[in-house]
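Participant:
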Amino acid sequence: MGVFPSSLVAFKLGSWVSALAVAASSWASAGLEAESERADRRPLAIDRSPAEIVSLVSRAFEDEEDWQVRSRQPDVGVVTLVHYTRFFRFPDDIEVRVEANRQGSGVLYARSRSRIGFYDFGQNARNLEQLTAIVSARCAEEGVDCHPLGR
Numbered sequence: 041m042g043v044f045p046s047s048l049v050a051f052k053l054g055s056w057v058s059a060l061a062v063a064a065s066s067w068a069s070a071g072l073e074a075e076s077e078r079a080d081r082r083p084l085a086i087d088r089s090p091a092e093i094v095s096l097v098s099r100a101f102e103d104e105e106d107w108q109v110r111s112r113q114p115d116v117g118v119v120t121l122v123h124y125t126r127f128f129r130f131p132d133d134i135e136v137r138v139e140a141n142r143q144g145s146g147v148l149y150a151r152s153r154s155r156i157g158f159y160d161f162g163q164n165a166r167n168l169e170q171l172t173a174i175v176s177a178r179c180a181e182e183g184v185d186c187h188p189l190g191r
């Protein structure tokens, strides 16, 4: 998912010193994995070229509330998104990576990472479930074959 900048802030209380990583770093992340028990947490096989899948993903999220397309790189098969949680509007970074398979179609992998905090309360997994549902719905709208890998 790339390197996220982080800052370290130290608070001193009497003789106690504690450090808290804040602002833009988190260890809370989740990714789509072929071995997952759940279909909505596995990579998607999509019957289009990687560049076409990047375009499809970008279109799928253009009008989605709480989602923002940050960048598209069709030449390398990457789309970066930001999802904002509903109540506190915390931003989570989602990187979608598309790889070509031997048949020339693509496989969509994704990873979600919280920018703030050390625990995500399951939000990163929910981001990936939403991403899978939104992309699958767009594939169905456009008549594109799309299914989870594995199991």
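Per the working numbering: the sequence shown = residues 41 to 191. Where is the CB? At the ideal position from N, CA and C, for every residue including glycine.
For the region 127-142 against the region 99-119, are there 3 or more C-beta pairs whose distance is under 8 Å?
Facilitator: Verdict: yes, contact present.
Participant: Between the alpha carbons of residue 65 and residue 144, how many angstroms are there, rounded?
Facilitator: Sequence index remark: in the sequence shown, residue 65 carries index 25 (1-based). Sequence index remark: in the sequence shown, residue 144 carries index 104 (1-based). Residue placement at residue 65 is flagged as unreliable, the pLDDT there being 42, under the threshold of 50; the coordinate-derived value follows with that caveat. Their backbone Cα atoms lie some 36 Å apart in a straight line.
Participant: Which of the three DSSP states, helix, strand or coil, is assigned to residue 90?
Facilitator: Counting from 1 along the sequence shown, the entry for residue 90 is found at position 50. Looking at residue 90 - three-state DSSP - the assignment turns out to be helix.
Participant: Per DSSP, which residues does residue 137 bridge with? Please list them.
Facilitator: Walking along the sequence shown from the start, residue 137 turns up at place 97. DSSP, once it has assigned bridges, lists 118, 149 as partnering residue 137.
Participant: Leaving out the 5 sequence neighbours to the left and right, which residues in its chain are closer than 6 Å to residue 172 when beta-carbon positions are compared?
Facilitator: For the purposes of this step, residue 172 is taken as residue 132 along the sequence shown, with counting starting at 1. Within the same chain, residue 172 has close Cβ partners 80.
Participant: Residues in its own chain within less than 8 Å of residue 87 by CB, not counting five upstream and five downstream?
Facilitator: The residue given as residue 87 occupies position 47 in the sequence shown. Closer than 8 Å at the Cβ level, and outside the excluded window around residue 87, lie 145, 184, 185, 186.
Participant: Tell me where the alpha helix (DSSP H) around residue 109 begins and ends.
Facilitator: Stepping through the sequence shown from its first residue, residue 109 is reached at position 69. Premise fails: residue 109 lies in the beta strand (DSSP E), 107-113, not in any alpha helix (DSSP H).
Participant: I'd like the span of the beta strand (DSSP E) that includes residue 188, first residue to last.
Facilitator: The residue labelled residue 188 in the question sits at position 148 within the sequence shown. From DSSP, the beta strand (DSSP E) with residue 188 extends over 186-188.
Participant: For residue 98, collect the residues of the same chain with a Cβ closer than 8 Å to its Cβ; drop the 5 residues on either side in sequence, then sort them by chain order.
Facilitator: Residue 98 sits at position 58 when you count from the first residue of the sequence shown. Excluding positions up to five away in sequence, the list reads 109, 112, 119.
Participant: Report yes if the C-beta distance between residue 74 and residue 168 is below 7 Å; otherwise report no.
Facilitator: In the sequence shown, the residue the question calls residue 74 occupies position 34. In the sequence shown, the residue the question calls residue 168 occupies position 128. No, the pair does not count as a contact, with Cβ atoms beyond the cut-off.
Participant: Which residues mark the beginning and the end of the alpha helix (DSSP H) in which residue 172 is found?
Facilitator: Within the sequence shown, numbered from 1, the residue matching residue 172 stands at position 132. Looking at the DSSP string, the run of the alpha helix (DSSP H) that includes residue 172 is 163-182.
Participant: For residue 178 versus residue 100, is the C-beta distance shorter than 7 Å?
Facilitator: For the purposes of this step, residue 178 is taken as the residue at position 138 of the sequence shown. For the purposes of this step, residue 100 is taken as the residue at position 60 of the sequence shown. Contact flag set, yes.
Participant: Return the CA-CA distance between residue 63 and residue 161, expressed in angstroms with no decimal places.
Facilitator: Start at 1 with the first residue of the sequence shown, and residue 63 comes out as number 23. Start at 1 with the first residue of the sequence shown, and residue 161 comes out as number 121. Confidence at residue 63 is low in this model, with a pLDDT of 34, below 50, so its placement is unreliable and the value that follows should be read with caution. Going by the C-alpha atoms only, they are around 18 Å apart.
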